[in-house]
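Heads up, the thing below is written out as structure tokens.
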Amino acid sequence: MSGPKERDIMYDSNGREKNKIEAGVLYLVATPIGNLADLSERAIKVLSEVDFIAAEDTRNTAKLLAYLGVSKPMVSYYQHNRVERGEVICQRLKDGESCALVTDAGTPAISDPGEDLVRQCAELGIKVTFVPGACAAIAALALSGLFTGRFAFEGFMSGAKGERRQRLEELSGEERTLIFYEAPHHLVSTLADFAEFFGDRKIALCRELTKLNEEIMRTTIFEAVKYYEQNSPRGEYVLIIEGKKKENLAFWLDFTPAEHVNFYIENGMDKNSAIKAAAKDRGVPKNEIYKEMIGK
Ligand code: SAM
């Protein structure tokens, strides 16, 4: 078998040169999530040849460009300047310049700035194209060992307690595999919330992907709670949780209410949360569990 001819690689079927930077186009360029060697040949070409780069943090991107030996004008594009800066970027694109959008790591627009800029471009008829690369969510899902056929990406949980609990309540019946991003300083409380709303499901904690200390811990939520009582979370995490299964619902069926509450306490919950979780499993009010426990 012969390999592809150089002509096939360099030109498409219309004779247009492939990978040529087009005027007036926004390129979403995924950057490495840890290992700089993951930057693709095409990404390097685009970053080297566009007219300017819009970066979430220009200092971070300056380091990447220095590693590549590329020097390029940059503008910042982040959460708090995205509306006005988006307009400026769109105007420059309409005037015929080409732009690469990059974030600090991974795929722009996925829990990162970019989705608004893509929308603005779409509304103005500006072409947007994609230069694929790492996305922590997809890497973790692939590594999780859990069912990957149907999944729901949830990104970061809200920092507001009420909002977070409402979201978890909604998700507790979700049958698809769930994907969450989490920072190390929130991991312990997030795992406690997961224990309360999801019970002892399988979880994969995917840490520092593509970095020197990459680690995939495939365990259950209760075991993860116990582990992080003894060990400090370090680095960046993606948490993959199996979706609801019928057998996940029924583990407590043979328990008395008191045994049910104790089960949760033994798995790291405080008494109040344990009563709430047992009440939720049984579909009864909290005070009913409480009364049963004190024998009334
Ligand atoms: N757009 C990025 C992507 O495509 O992966 C995600 C950006 S989001 C602001 C950052 C979060 O992604 C981190 O808090 C962590 O949850 C996850 N993440 C990024 N890099 C990671 C890595 N190397 N290992 C594990 N999780 C990572």
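This note's numbering numbers the first residue of the sequence shown as -4 and each following residue consecutively.
Just so you know, even glycine gets a beta-carbon here, dropped at the ideal spot from N, CA and C.
Beta-carbon within less than 8 Å of S153's beta-carbon, same chain only, minus the 5 sequence neighbours each way: which residues are those?
On the sequence shown, position 158 is the one that residue 153 refers to. These residues qualify, in order along the chain: R159, R162.
Please say whether G263 and V233 have beta carbons closer to each other than 8 Å?
In the sequence shown, residue 233 corresponds to position 238, counting from 1. In the sequence shown, residue 263 corresponds to position 268, counting from 1. Contact: no.
For M69, which three-state DSSP category applies?
The residue given as residue 69 occupies position 74 in the sequence shown. Reduced to three states, the DSSP call for M69 is strand.
Which same chain residues end up closer than 7 Å to L200 when comparing Cβ atoms and leaving out the 5 residues on each side of it in sequence?
Position 205 of the sequence shown, counted from the first residue, corresponds to residue 200. Excluding positions up to five away in sequence, the list reads M212, A219, Y232, L234.
Is any non-hydrogen atom of ligand 1 found closer than 7 Å to the C-beta of T205, if you look at the structure I gave you?
In the sequence shown, residue 205 corresponds to position 210, counting from 1. Checking the Cβ of T205 against ligand 1 gives yes.
With a threshold of 7 Å, establish whether the CB of A132 neighbours any heavy atom of ligand 1.
Here the question's residue 132 lines up with position 137 in the sequence shown. True, at least one ligand heavy atom lies under 7 Å from that Cβ.
C-beta contact flag for N76 and K40 at 8 Å:
What you label residue 76 is simply residue 81 of the sequence shown in a count that begins at 1. What you label residue 40 is simply residue 45 of the sequence shown in a count that begins at 1. No.
Can you find a heavy atom of ligand 1 that lies under 7 Å from the Cβ of V113?
The residue labelled residue 113 in the question sits at position 118 within the sequence shown. It does not: the Cβ of V113 is nowhere closer than 7 Å to a heavy atom of ligand 1.
So what's I288 in DSSP terms, helix, strand or just coil?
If you number the sequence shown from 1, residue 288 lands on position 293. According to the sequence as given, residue 288 is Met; it is not Ile. It is helical.
Any chance the CB of G101 is under 7 Å from a heavy atom of ligand 1?
Position 106 of the sequence shown holds residue 101. For ligand 1, at least one heavy atom lies less than 7 Å from the Cβ of G101.
Please name the residue in S106, F246, A129 whose C-alpha comes closest to that of A178.
Translated into the one-based positions of the sequence shown, residue 178 becomes position 183. Out of S106, F246, A129, S106 has the C-alpha closest to the C-alpha of A178.
Secondary structure at E169, three-state DSSP: helix, strand or coil?
As a working note, residue 169 is residue 174 in the sequence shown. The answer is coil: DSSP assigns E169 none of H, G, I, E or B.
If I follow the unbroken alpha helix (DSSP H) through C85, where does it start and stop?
Locating residue 85 in the sequence shown gives position 90, counting from the first residue. Counting along the chain, the alpha helix (DSSP H) containing C85 begins and ends at 77 to 89.
Could you have a look at A95 and say whether DSSP puts it in helix, strand or coil?
Your numbering for residue 95 matches position 100 in the sequence shown. Strand, per DSSP.
If you drop the 5 nearest sequence neighbours on each side, which residues of the same chain put their C-beta closer than 7 Å to that of E170?
Within the sequence shown, residue 170 is the residue found at index 175, counting from 1. Cβ neighbours of E170 beyond the five flanking positions: G238, K239.
If I'm right that G333 touches A25 with Cβ under 8 Å, what's the distance once you round it to whole angstroms?
Only positions -4 to 291 of the chain appear in this structure, which leaves residue 333 out of reach.
List the DSSP bridge partners of Y176.
Position 181 of the sequence shown holds residue 176. The partner list for Y176 (beta bridge, DSSP) reads F151, V233.
Check whether the Cβ atoms of Q74 and P108 lie closer than 8 Å to each other.
Walking along the sequence shown from the start, residue 74 turns up at place 79. Walking along the sequence shown from the start, residue 108 turns up at place 113. Yes, the pair counts as a contact, with Cβ atoms nearer than the cut-off.
Spatial distance of E44 from F193 (CA atoms):
Position 49 of the sequence shown, counted from the start, is the residue given in the question as residue 44. Position 198 of the sequence shown, counted from the start, is the residue given in the question as residue 193. Looking at the two C-alpha atoms, the distance is approximately 48 Å.
Under the three-state reduction of DSSP, which class applies to A199: helix, strand or coil?
As a working mapping, residue 199 is identified with position 204 in the sequence shown. Of the three classes helix, strand and coil, the one that applies to A199 here is strand, per DSSP.
Kindly indicate the opening and closing residues of the alpha helix (DSSP H) around T185.
As a working mapping, residue 185 is identified with position 190 in the sequence shown. Start and end: 182 to 193.
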